[in-house]
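Student: Take a look at this one; I'll ask things after.
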Ligand SMILES: Nc1ncnc2c1ncn2[C@@H]1O[C@H](COP(=O)(O)OP(=O)(O)OP(=O)(O)O)[C@@H](O)[C@H]1O
Ligand SMILES: Nc1ncnc2c1ncn2[C@@H]1O[C@H](COP(=O)(O)OP(=O)(O)OP(=O)(O)O)[C@@H](O)[C@H]1O
Ligand SMILES: [Mg+2]
Ligand SMILES: [Mg+2]
């Protein structure tokens with residue numbers, strides 16, 4: 659029983675991490691109608707900015723976090739938008755997707771070559787003391803991850819749907835040509851989307867790296883699972899990311915504990931294929947409407 | 311008497327609370343040119359989509375030449391000789407005008423395998439070029455269809471409908487955006503085709519001059535139901551239609 | 289390009305391909321051979337992605353299926369040529385299966401579904417070690433021997449591969465030039481409209497995957513005797529991504545794109561050797577730069593340059609027909 | 092009000108406009124006609140900053156606005172309704188309307204105007220909270236036309252508003268344009284529904300092969316047998332178009 | 017010929033990069049030292065670097081390339097999957113090859129040109145058996161391992177050994193490469209409650225495992241082979257690594273061995289980090305090449321491999337070999353090894369095991 663509870667709670671904790679990353683996917687989708695295949699790397703990188711801040715400039719941890727956040731927003735938000743997204747978006751979605759695949763390789767290899775190929779420890783923001791819940795163990799960090807991802811989902815949903823700026827962002831994503839002739843500042847909207855995404859990625863990075871350890875290759879599986887979480891939950895709804903993330907986290911742990919460890923990695927994939935066959939828009943998603 | 315070319319029985323379709331088509335039934339006989347008109351949102355396009363397998367209707371039956379085709383996929387219907395155009399522009403933007411038009415005919419030539427091993431154009435280039443010339447697009451023959459003007463794309467769309475030699479064609483607003491002179495040509499072509507091959511047409515159109523001078527019979531739809539049916543003269547004089555649709 | 293110029297161009301390429309390995313070391317020949325093998329895999333993906341518009345990140349898994357079928361059977365004493373039909377059929381059938389999700393989802397969703405499929409194949413290959421040798425892989429597959437022509441030598445194996453590549457390219461040429469090719473493009477451009485014109489989009493989608501996958505499988509049947517060792521890790525997602533980048537870098541939707549793309553991906557590490565570990569960084573940065581300026585791939589570079597340096601403004605095509613209203 | 096001086100421009104290497112020149116006075120309606128592919132829509136794009144202009148000038152109230160961005164043009168009181176479908180698919184009808192007034196400083200006024208246009212096109216009120224993509228073709232066009240009326244423009248560029256609209260609504264739109272003109276707004280319109288359009292216009296403009304062929308009072312164009320023969324379906328002086 | 021070319025073929029990029037770069041850097045130090053002492057047979061050595069991208073197919077090409085470039089011996093690779101393929105090429109060309117791989121099968125293929133620089137898993141893991149039977153006196157154990165070709169090798173040998181020793185393996189937990197969430201794994205171990213757990217994973221996985229084990233309060237001894245107590249693991253896992261025990265072949269912490277201390281110092285000065293056992297392996301491989309070639313007296317691959325078989329080198333005579341080392345006629349090596357435990361954040365040698 660306590661094993662079951664442990665597995666369940668740990669699953670929720672891991673799931674909230676997937677959710678944090680998956681939110682980025684759904685946000686970029688709603689605000690730019692594209693998919694960032696480098697999202698995993700976007701989450702991998704900010705931790706290294708922090709580490710670099712500490713080791714290169716000798717910053718104290720909290721200052722280094724702010725530094726990391728700032729650099730992430732500039733590099734992963736501003737520069738990504740200016741140098742990659744904006745020039746490639748007019749060539750079509752698939753081209754941008756492929757560009758972000760290449761970008762993923764670029765970021766990963768750069769960290770490896772210019773920082774380190776080995777994993778690095780990363781200090782935790784919150785005390786890691788175990789908290790006992792009916793015989794199962796959770797950490798403060800786990801609980802905060804959960805709370806934060808919930809809060810972000812609520813905040814972003816409100817922002818996108820209840821503010822004019824949010825709706826302008828959606829308009830830009832869905833039909834940039836129309837947004838432009840209506841006088842929406844299209845470039846600015848795209849910038850907002852990527853800035854928010856970068857900040858979210860940095861936040862996720864700071865929260866998960868104490869557990870994941872900082873390593874150049876962290877983004878690979880994380881990006882994939884988070885994306886699957888986003889699809890399973892429903893790509894066009896921010897809250898889908900939370901639902902999908904938690905679901906995958908829990909199911910993954912349950913499989914590993916009770917079904918098969920060898921095929922554990924297959925579970926999210928099978929879930930993905932299953933969901934796509936029965937409900938392509940995802941659990942929380944809404945269908946995109948009329949096609950003819 | 312022969313079975314009607316198209317027989318629609320009690321088609322219903324609603325979208326989350328909105329009834330788009332509310333039990334529509336009608337027959338179309340061989341050689342007819344039937345007009346389908348009605349206010350915006352009265353369910354005309356939805357009706358087409360239900361008839362042609364692009365949308366599953368909530369209820370009702372469709373028969374083509376006496377054969378029940380409910381639930382049949384669009385491509386299979388097309389092989390039975392039913393062609394259509396769409397209200398929105400729907401050419402293949404990154405294919406040349408010529409390729410667009412050949413494509414419209416190729417699936418009717420030979421079997422799947424013979425299309426793999428046969429000639430690259432399935433022997434249709436000459437026919438396609440004739441159509442291109444008729445619609446005055448010769449200078450754009452090898453241009454990508456996506457870079458044509460609105461009206462030109464509409465014409466390519468119309469040309470595609472003639473390609474397969476269909477026995478029944480459903481046209482959704484063929485006239486929108488087409489220049490009046492070209493439109494006269496299109497109208498004449500439709501009438502000639504109808505006279506020559508006995509092809510049956512069902513036309514949705516808001517251009518009354520076009521509908522009235524082309525169609526032999528007109529059905530008026532409003533809020534998903536048929537509110538009037540008759541010859542152009544009868545429709546033009548029908549007060550309900552004038553109030554709901556034509557305006558003063 | 290006129291037909292005549294195209295014929296000369298192709299013949300020239302062929303002569304080049306025949307002459308290239310002569311007098312080279314084993315390593316260079318090995319590299320050239322893997323270029324051909326990957327070109328075949330990329331050619332298949334180009335059909336699926338470039339012509340039919342179905343993004344697939346599972347091409348490496350079909351190389352895996354082809355390679356494992358061939359390896360297991362040749363290790364059991366079969367001749368390569370006998371394993372070939374089996375391997376290709378297996379890939380065709382599994383390719384049909386992979387196509388099913390594509391009937392429901394498109395674009396990036398599809399990318400991830402196929403990626404998931406690739407991972408599943410990897411897991412099966414690794415975990416079912418009674419059959420596949422698990423993570424240790426299979427080693428020592430013989431190279432085929434055709435009586436007078438044994439491919440044990442590196443150079444012979446190259447010519448053997450070249451022969452297979454030419455046959456594969458001819459088959460692909462036939463497909464894309466036939467009405468099927470047009471139907472594939474129609475699927476990419478506007479599936480709903482294509483369906484209404486009688487194109488059986490369901491069948492065409494599945495075929496796009498099945499045929500593309502079969503080419504992947506063909507590449508697999510060649511990589512097994514080339515490397516003489518296979519293991520699940522050589523067919524992971526990263527390799528599918530690599531093949532995808534070959535297609536895009538070369539020029540997706542262009543017949544010769546995959547050859548160019550495969551050449552770049554396989555040969556670039558050679559050219560950038562002096563940069564040591566940085567070549568992946570440079571390569572990926574170059575890909576991004578290319579996508580910014582020439583999204584159609586390297587095949588489009590020439591046209592782009594010509595436009596840049598020798599711009600030709602053309603009059604509208606109907607100008608010479610003259611105006612109706614004078 | 093608006094003046095084009097010898098505009099050349101096109102898409103990539105192909106020159107589509109071969110010297111388009113005309114000027115239109117304030118508070119007038121001008122209808123542009125011409126065969127399909129003449130370059131009518133391209134002229135609108137050139138005015139609104141959506142086209143690479145190779146040479147020539149666009150003047151608005153005597154000021155050079157060549158090469159301005161769409162946002163700048165909106166800032167100068169120009170709105171544009173393109174041909175085809177132009178809604179934001181996943182936003183509601185109401186939010187699509189709201190976007191039409193996104194550049195206005197006084198949002199309260201925009202809200203009031205939305206109420207007004209919803210009175211004018213009752214369908215919009217009925218479907219206020221539905222996604223725009225779910226509307227029928229003609230309903231989407233109504234939404235677009237309504238959206239263009241939310242700002243207080245000086246100049247409206249409107250490209251074939253009648254496509255897909257039922258005849259009574261075409262009349263409604265034309266009446267609205269006339270009311271706007273009477274309030275001092277300048278209107279430049281492309282219409283294939285040319286006879287009724289010219290009938291309500293002050294001026295007509297014939298475009299062919301990317302060049303201005305004729306520019307005259309609308310009534311004169313209507314009466315010109317050559318224009319009728321070439322662009323109005325050959326029935327010169329025939330019965331007036333329905334709708 | 018002016019120089020002696022050595023082909024350093026290793027995992028410089030891809031997942032194997034940490035191991036490969038250490039291997040390379042160990043060899044760099046050796047090359048410098050060798051050249052400072054006049055090279056091999058009076059000729060300077062030149063180390064060509066070849067990156068396998070941790071891809072067996074590429075590794076095969078790279079060995080081929082190194083040989084085309086005139087390499088006299090191959091140093092590498094570390095990943096067993098790669099070594100399995102590329103050793104065929106070296107064998108065909110009669111080129112001696114020092115590998116860092118520990119998979120048992122490598123020396124079982126009858127390849128006379130392949131030599132290990134550390135003992136294979138089938139030697140290392142059995143050395144541990146004694147620890148389980150005698151020191152821990154365990155009857156029921158668990159095993160947590162990484163499901164790749166490295167982890168599976170160790171796992172299979174361990175399970176076999178336990179069977180022979182009459183110890184029951186009550187719980188067997190496989191995990192994925194790059195796995196980050198060990199909650200379910202640890203929960204399972206906790207539930208089964210064995211007397212000790214054998215942990216066989218790569219560095220980061222080991223660290224993540226230790227962190228989760230500490231969090232859930234896994235109480236039994238955690239025993240590993242080589243990796244579990246490596247400096248990197250201790251750095252990553254922090255306090256969670258305390259108490260972990262491992263059997264190691266060579267370790268930078270064995271500073272009582274003078275050669276190792278000197279190497280460690282030089283390595284730290286040059287590269288500003290601690291050497292791993294991969295670095296020491298590379299170092300030993302390069303030096304062995306020099307020692308044995310000079311014994312043979314000429315650059316001859318066949319003669320070299322002939323000489324290597326059954327060779328024993330004493331650290332007293334050949335100081336850079338670091339420890340007394342022997343190779344059998346299959347290329348397997350044996351030398352003394354250590355038991356190490358992490359105490360207060362640092363690995364400490366708690367015992368020495370003789371060569372087996
Ligand atoms: N996919 C859909 N989801 C929701 N509502 C829909 C959908 N498709 C159509 N509708 C609604 O059904 C009704 C009928 O639409 P339809 O497109 O058939 O009208 P129509 O008669 O073709 O109009 P128009 O003349 O404007 O083209 C409209 O109210 C429309 O909003
Ligand atoms: N995006 C484009 N790329 C290349 N050529 C284009 C593009 N858009 C239009 N053209 C070409 O420019 C010419 C003029 O197009 P335009 O859309 O201005 O015509 P139009 O007069 O508006 O016609 P219509 O009445 O059909 O709307 C056409 O010949 C068309 O082929
Ligand atoms: Mg309609
Ligand atoms: Mg136009």
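Protein chains in written order, with the working numbering: chain R, 659 to 950; chain V, 311 to 558; chain F, 289 to 614; chain W, 92 to 334; chain S, 17 to 372.
C-beta: ideal position from N, C-alpha, C; glycine also.
Because the structure is a prediction, the values reported are computed rather than measured.
What runs of the alpha helix (DSSP H), each 4 residues or longer, lie entirely inside the segment 111 to 199 of chain S?
Tutor: 137 to 146 and 165 to 181
Student: At the level of alpha carbons, what is the spacing between residue 25 of chain S and residue 287 of chain S?
Tutor: 20 Å
Student: Please list the partners that residue 425 of chain F has in chain R, where partner means a Cβ-to-Cβ separation under 9 Å.
Tutor: In chain order: nothing, as chain R lies at least about 17 Å away.
Student: Give the secondary structure of residue 480 of chain V by DSSP, where H, G and I count as helix, E and B as strand, and everything else as coil.
Tutor: strand
Student: How far does the alpha helix (DSSP H) with residue 435 of chain V in it extend, from its first residue to its last?
Tutor: 435 to 444
Student: Taking the C-alpha atoms as reference points, what is the distance between residue 155 of chain W and residue 822 of chain R?
Tutor: Rounded to the nearest angstrom, the two C-alpha atoms are 32 Å apart.
Student: Which residues end up in the neighbourhood of ligand 1 when you take C-beta atoms closer than 6 Å to any of its heavy atoms?
Tutor: R:947, R:948, V:325, V:328, V:330, V:348, V:350, V:351, V:352, V:353, V:354, V:355, V:356, V:397, W:225, W:226, W:227, W:228, W:229, W:230 and W:255
Student: Below 9 Å between beta carbons is the criterion; list the residues of the segment 262 to 287 of chain W that meet it against any residue of chain V, in chain order.
Tutor: 262, 263, 283, 284, 285 and 286
Student: Leaving out five residues before and five after residue 31 of chain S in sequence, what residues of the same chain have Cβ atoms less than 6 Å from its Cβ?
Tutor: 70
Student: Which of the residues in the segment 749 to 769 of chain R, read from start to end, lie with their CB under 7 Å from any CB of chain F?
Tutor: Residues 749, 751, 752, 753, 755, 756, 757, 759, 760, 761, 763, 764, 767 and 768.
Student: Closer than 8 Å by beta-carbon distance: list the chain V residues that pair up with residue 605 of chain F, in chain order.
Tutor: 449, 450 and 453
Student: At what residues does the beta strand (DSSP E) containing residue 371 of chain V begin and finish?
Tutor: 369 to 374
Student: Which first and last residues belong to the alpha helix (DSSP H) in which residue 544 of chain V is found?
Tutor: 542 to 547
Student: Closest Cβ-Cβ distance between residue 871 of chain R and chain S: below 9 Å?
Tutor: yes
Student: Across the segment 293 to 309 of chain F and the segment 546 to 557 of chain V, are there enough close Cβ pairs to call them in contact, namely three or more that are closer than 8 Å?
Tutor: no
Student: Thinking C-alpha only, which one of S:342, S:336 and S:143 is nearest residue 131 of chain S?
Tutor: S:342
Student: Express the C-alpha separation of residue 435 of chain V and residue 328 of chain W in angstroms, rounding to a whole number.
Tutor: At residue 328 of chain W the pLDDT is 37, less than 50, meaning the model places this residue with poor confidence and gives no usable figure here.
Student: Using a C-beta to C-beta distance shorter than 8 Å, which residues of chain R count as neighbours of residue 397 of chain F?
Tutor: Residues of chain R whose Cβ lies closer than 8 Å to the Cβ of residue 397 of chain F are, in chain order, 889, 893, 934 and 938.
Student: Using only alpha-carbon positions, find the residue among W:209, W:191 and W:118 that is nearest to residue 171 of chain W.
Tutor: That would be W:191, whose Cα lies nearest to the Cα of residue 171 of chain W.
Student: Using a threshold of 9 Å, state whether the C-beta atoms of residue 332 of chain V and residue 324 of chain V are closer than that.
Tutor: One thing to note: residue 332 of chain V has its Cβ within 9 Å of the Cβ of residue 324 of chain V.
Student: Does DSSP classify residue 777 of chain R as helix, strand or coil?
Tutor: Secondary structure at residue 777 of chain R: coil, using DSSP grouped into helix, strand and coil.
Student: Report yes if the C-beta distance between residue 244 of chain S and residue 270 of chain S is below 9 Å; otherwise report no.
Tutor: no
Student: Let me check you understand the geometry: is the CB of residue 604 of chain F closer than 8 Å to at least one non-hydrogen atom of ligand 2?
Tutor: yes
Student: At 3 residues or longer, and completely inside the segment 494 to 552 of chain V: list those beta strand (DSSP E) runs for me, N to C.
Tutor: 510 to 514, 527 to 532 and 535 to 540
Student: List the whole-angstrom C-beta distance separating residue 316 of chain V from residue 478 of chain V, where the pair is believed to meet the contact cut-off of C-beta under 8 Å.
Tutor: 6 Å
Student: What residues in the segment 350 to 368 of chain V bring their beta carbon closer than 8 Å to a beta carbon of chain R?
Tutor: 355, 359, 364 and 365
Student: Pick out the complete alpha helix (DSSP H) segments inside the segment 287 to 322 of chain S, 4 residues or longer, and give them in chain order.
Tutor: 293 to 312
Student: Is residue 461 of chain V closer than 9 Å to residue 487 of chain V when the C-beta atoms are compared?
Tutor: yes
Student: Ligand 2: which residues have Cβ under 5 Å from any of its heavy atoms, chain order?
Tutor: V:457, V:458, V:459, V:460, V:461, W:102, W:107, W:127, W:128, W:129, W:130, W:131, W:132 and W:133
Student: What number of angstroms, rounded off, separates the C-alpha of residue 482 of chain V from the C-alpha of residue 127 of chain W?
Tutor: Taking the straight line joining both Cα atoms gives about 19 Å.
Student: Would a check of beta-carbon distances place residue 187 of chain W closer than 9 Å to chain V?
Tutor: Answer no: the Cβ-Cβ gap between residue 187 of chain W and chain V never drops below 9 Å.
Student: What are the complete alpha helix (DSSP H) segments, minimum 4 residues, inside the segment 222 to 290 of chain W?
Tutor: Every alpha helix (DSSP H) of 4 residues or more that sits fully in the segment 222 to 290 of chain W is shown, in chain order, as 228 to 239 and 258 to 273.
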